[in-house]
Every structure is written in C-alpha cells, then in structure tokens.
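Structure record follows, encoded as structure tokens.
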Amino acid sequence: MKEQTEVGKLKEGRYVVVDDEPCKIQSIAISKPGKHGAAKARLDVVGLFDGQKRSVVSPTSATVYAPIVERKTGQILTIAGNVVTFMDMKDFNNFELVVDDDIVATFQPAQEVPYIESLGKRKLDL
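Here the numbering used here is used: the first residue of the sequence shown is -5, the next is one more, and so on.
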C-alpha cells in the first residue's frame, strides 16, 4: 500500500518509493527557484530491503508515492538452516524469511521477533 504526496512536503527519516523499492530518506537539499524554473529537491535515500543508496532530483511540486511501512511481530514456528518460518501475531499468516547464520543462532522456536512489512516485502527489524 502506498499514498501520494508532494516532494516539497517530504522530511528526513520518512519513506518514499524509488524504482518500485521503499526507501528511507537520508537527506533533502532544496534549491531556490531560478529565472526559468521551479525549485528542485535532491533526495538521498537508502532502500529498506536492499540497502542500496539512490539519489533523486525532481521539482518540489511533483508528486511521488510514500509507502506505508508497518512494524509487526511474528512468532518463530520452525528453523531449517537459514530459512525461518514465522507466524504473524495479528492475522496468523505464515511466511518464510531467509536469515543470516549469526542471527539464526540466536533464535528459538516460539520466540517473538519484530519485522517490517511494506509493498509485499518483509524484513526482520533487529
């Protein structure tokens, strides 16, 4: 799920969709309007799920999408190597995530773990 907003209304620490990837805004630089154009905003963002840095320049009056980022809690059902099966604590849906070896070693079945969900993607919030 996502909603539309203007570039000029965005703030650092908020989220924006860039290249169909939800990203967190690291910094915003707004230039003054010139003789022949509108004010421009330069957004430096980092992808929530891929960690890739991106930079976007657009007019402050342009509209962009802001993703709805939900913080949820999941209970660990099974651990099989790097694949961990979770159950959402509110709607009881099951899903699997691939987790790093060092993090999997700290997990126990029936443990509750926070995670982030946005645009159909999930990631542990550790």
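Just so you know, even glycine gets a beta-carbon here, dropped at the ideal spot from N, CA and C.
What number of angstroms, rounded off, separates the C-alpha of Ser25 from the C-alpha of Lys34?
Translated into the one-based positions of the sequence shown, residue 25 becomes position 31. Translated into the one-based positions of the sequence shown, residue 34 becomes position 40. Whole-angstrom Cα-Cα distance: 5 Å.
By the DSSP assignment, the beta strand (DSSP E) with Val11 in it spans what residues?
Residue 11 sits at position 17 when you count from the first residue of the sequence shown. Counting along the chain, the beta strand (DSSP E) containing Val11 begins and ends at Tyr9 to Val12.
Per DSSP, what kind of secondary structure is Lys84 in: helix, strand or coil?
The count along the sequence shown starts at 1 and reaches residue 84 at position 90. Correct three-state label for Lys84: coil.
Run through the DSSP bridge pairs and tell me what Asp38 is partnered with.
Counting from one through the sequence shown, the residue named residue 38 turns up at place 44. Bridge partners of Asp38: Ser21 and Ser49.
Let me confirm a value: Val51 is counted as buried when at least 16 other C-beta atoms fall within 10 Å, else exposed. Which label applies?
In the sequence shown, the residue the question calls residue 51 occupies position 57. Counting Cβ neighbours within 10 Å, Val51 comes out exposed, since fewer than 16 surround it.
For Pro61 and Glu6, the rounded distance between their alpha carbons
For this step, residue 6 is matched to residue 12 along the sequence shown. For this step, residue 61 is matched to residue 67 along the sequence shown. Cα to Cα, Glu6 sits roughly 15 Å from Pro61.
DSSP has Pro16 in a bridge; who is on the other side?
In the sequence shown, residue 16 corresponds to position 22, counting from 1. For Pro16, which the question treats as bridged, DSSP gives the partners Val11.
Using the C-alpha atoms, what's the distance from Gly31 back to Arg8?
Working through the sequence shown from its first residue, we reach residue 8 at position 14. Working through the sequence shown from its first residue, we reach residue 31 at position 37. When rounded, the distance between both Cα atoms is 26 Å.
Please report the distance separating the alpha-carbon of Ile22 from that of Thr67.
In the sequence shown, the residue the question calls residue 22 occupies position 28. In the sequence shown, the residue the question calls residue 67 occupies position 73. So the two alpha carbons sit approximately 31 Å from each other.
Just reading off the alpha helix (DSSP H) that Val1 is part of, what are its end residues?
Position 7 of the sequence shown holds residue 1. Element bounds for Val1: n/a, residue is neither H nor E.
For the pair the segment 68 to 81 and the segment 89 to 104, tell me if three or more CB-CB distances fall below 8 Å.
yes
May I have the straight-line CA-CA distance separating Ile110 from Val1, to the nearest angstrom?
Numbered from its first residue, the sequence shown carries residue 110 at position 116. Numbered from its first residue, the sequence shown carries residue 1 at position 7. If you take the alpha carbons of Ile110 and Val1, they lie about 24 Å apart.
Close-in-space but distant-in-sequence residues of the same chain around Pro108 (CB under 6 Å, 5 per side omitted):
Locating residue 108 in the sequence shown gives position 114, where the first residue counts as 1. Answer for Pro108: Thr67 and Asp119, listed in chain order.
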